[in-house]
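J.: Mapping of the sequence shown onto my numbering: position 229 corresponds to residue 1288, and the numbering continues sequentially without gaps.
Shown below is the structure under consideration.
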Amino acid sequence: MNRQLVHEKILIVDDEESVRSVLLNHLNSEGPQCVGSPNALDALNKMEQERFSLVISDVMMPGMSGMELLRLVKRKDPETAFIMITGLMDINTAVDSLRIGACDFITKPFELPAVRRAVDRALEQRRLAIRNRFYREELKRKIRERTFELNEALRDVEESYKITLEALVTALDAREHETLAHSQRVREYTLTLAEALGLKYDDLIQTGRGALLHDVGKIGVKDSILLKPGKLNEEEWTEMRKHPQIGYNILRSIEFLAPAAEIVLCHQERWDGRGYPNGLAGTEIPLGARIFAVVDTMDAMTSDRPYRQALSFEAAFEEIRSCSGTQFDPKVTEAFLNIPVGRWKAIHDSVNKSHKTQGCFDLICPTSTAFL
């Protein structure tokens, strides 16, 4: 006899006293505590007073049937094991009882060793069900704890990302003023156009980072060139054109920014191959860089410069349209022109207002649906 049965309780329900007595005597002699009940209502009353691990019930009884009792027991406690006993071998009744939740189906007259085996199987199934529930609950608890830990770690990583981005852009702004607002505007413009072109979420993140840090290589350009108020000579232009490569070298060594480094490297390339630093043409240029080239030009034309006032967005649109197929990717240009002018103006005004009131923080909190 399994020692665990000593701590389990069995309820035997049968309107025939002789059947109850035989089962009670046999099962009690084997160890588990057994209680008898003459009908289903009495059984339900007993189950209100104490918990039973297993119910053994006749099918045909006066008043409530064994099938009705089975339904009520399973509704109250699905983990209670149930064995059905009947004087007639009815396949449909057996199938129905098993479907509702009975562990086994025994016909009269029965052999006591067969009942003993059925009881052992039913109780073991119940123990397994309880263990499985405990395991599932423990697994859920561990998953919740681990998820919380991972979310905390993710927040720490994201915070370190933000600090790194802020440090890089702030370092450049310290040398070339207006970089903060310009970087944020072109990042927002880039994400807007990239979304219109259907870029996937991960690509949006990297494209936005590349746009934000496109000019980070200017950190390596001499102040005499970077801050020169007049026109650069040929030698100075040669030095200035090194900034995409310098920026690429900076970012590729930072793991989370490495995917954005290609955009930084290629943001001055042209569709017709006349850009720099590598003279790439057409689809040799990464899509993110082709997207950036269009919106960067728009921002340059719609921003004030020491030597001229800002152009209208409408004028910038016409200039970009005229450069489709030479400076810009025609498909990217088409997608850009399909976005209403009012949306670009709204982004421009929102970023400028945010920059004035919140400063560098907005560099790491884009208003677009993609972030960082």
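C-beta atoms are modelled at their ideal positions from N, C-alpha and C, and glycine is treated no differently.
No experiment lies behind these values; they were computed from the predicted model shown.
Suppose contacts are defined by Cβ-Cβ distances below 9 Å. Is Thr1152 in contact with Met1126 by that definition?
T.: Yes, they are a contact pair.
J.: Could you give the residue range of the alpha helix (DSSP H) that holds Phe1387?
T.: From DSSP, Phe1387 is part of no alpha helix (DSSP H); its letter is neither H nor E.
J.: Can you check DSSP and say which residues form a bridge with Arg1180?
T.: Paired residues: none, contrary to the question.
J.: Report buried or exposed for Ala1099, applying the criterion of at least 16 other Cβ atoms within 10 angstroms of its Cβ.
T.: Buried.
J.: Suppose contacts are defined by Cβ-Cβ distances below 9 Å. Is Gly1276 in contact with His1302 by that definition?
T.: Cβ distance < 9 Å, so Gly1276 and His1302 count as in contact.
J.: Within the same chain, show all residues whose beta-carbon is closer than 8 Å to that of Arg1192, passing over the 5 residues directly before and after it, in chain order.
T.: Same-chain partners within the cutoff: Glu1138.
J.: Helix, strand or coil for Met1123 per DSSP?
T.: In the structure shown, Met1123 sits in coil (DSSP, three-state: anything other than H, G, I, E or B).
J.: Going by DSSP, what residues sit across from Lys1068 in a beta bridge?
T.: Lys1068 pairs with Gln1092.
J.: Determine the extent of the alpha helix (DSSP H) in which Ser1362 is found, giving its start and end residues.
T.: Run containing Ser1362: none; DSSP gives neither H nor E here.
J.: With burial defined as no fewer than 16 other Cβ atoms inside 10 Å of the residue's Cβ, what is the status of Asp1355: buried or exposed?
T.: That one is buried.
J.: Under DSSP, the alpha helix (DSSP H) around Ile1159 begins and ends at which residues?
T.: Element bounds for Ile1159: Ile1150 to Ile1159.
J.: Quick one: is Gln1243 buried, meaning 16 or more other Cβ sit within 10 Å of its Cβ, or exposed?
T.: Burial call: buried.
J.: Taking the Cβ atom as the reference point for each residue, do Leu1346 and Phe1376 lie within a distance shorter than 9 Å?
T.: Contact flag unset, no.
J.: With a floor of 4 residues, list each alpha helix (DSSP H) that falls wholly inside the stretch 1255-1322, ordered by position along the chain.
T.: Taking only runs of at least 4 residues, the alpha helix (DSSP H) segments lying wholly in the stretch 1255-1322 are 1260-1271, 1282-1285, 1293-1299 and 1302-1310.
J.: Would you mind working out which of Thr1145, Asp1155 and Ile1159 sits nearest Val1132, comparing C-alpha positions?
T.: When each option's Cα is compared against that of Val1132, the closest is Ile1159.
J.: Go ahead and pull the three-state DSSP assignment for Ile1398.
T.: Ile1398: coil per DSSP, three-state reduction.
J.: Give me whichever residues DSSP pairs with Ile1165 in a beta bridge.
T.: Ile1165 pairs with Ile1144.
J.: Would you call the stretch 1109-1127 and the stretch 1069-1084 touching, i.e. three or more CB-CB distances under 8 Å?
T.: The stretch 1109-1127 is in contact with the stretch 1069-1084.
J.: Rank Arg1349, Leu1370 and Ala1348 by C-alpha distance to the C-alpha of Asp1358 and give the top, closest one.
T.: When only C-alpha atoms are compared, the closest one is Leu1370.
J.: Pull up the DSSP beta-bridge partners for Val1410, would you.
T.: Paired residue(s): none; Val1410 is not in a bridge.
J.: To the nearest angstrom, how far is the alpha carbon of Glu1295 from that of Ser1283?
T.: Glu1295 and Ser1283: Cα-Cα distance of roughly 9 Å.
J.: Are the Cβ atoms of Val1228 and Leu1271 separated by less than 9 Å?
T.: In contact: Val1228 and Leu1271 (Cβ atoms closer than 9 Å).
J.: Using only CA atoms, which one of Thr1342, Cys1325 and Gly1341 lies nearest to Tyr1335?
T.: For Tyr1335, the nearest C-alpha among the options comes from Cys1325.
J.: Can at least three beta-carbon pairs, one atom from the stretch 1309-1320 and one from the stretch 1251-1271, be found at a separation below 8 Å?
T.: Short answer: they touch.
J.: Could you compute how far the alpha carbon of Pro1399 sits from the alpha carbon of Arg1214?
T.: Those two C-alpha atoms are separated by around 36 Å.
J.: According to DSSP, is Ser1082 part of a helix, a strand, or is it coil?
T.: Inspection of the sequence shows that residue 1082 is occupied by Leu rather than by Ser. The answer is helix: DSSP assigns Leu1082 an H, G or I state.
J.: Look up Ile1222 in the DSSP assignment and say whether it is helix, strand or coil.
T.: Three-state DSSP puts Ile1222 in a helix.
J.: Could you say which of Val1323, Pro1168, Leu1157 and Leu1310 lies nearest to Gly1146 if we only look at CA atoms?
T.: Residue Pro1168 is the option with its Cα nearest to Gly1146.
J.: If you reduce the DSSP assignment to three classes, tell me which class Ser1077 lands in.
T.: DSSP places Ser1077 in helix when its eight states are reduced to three.
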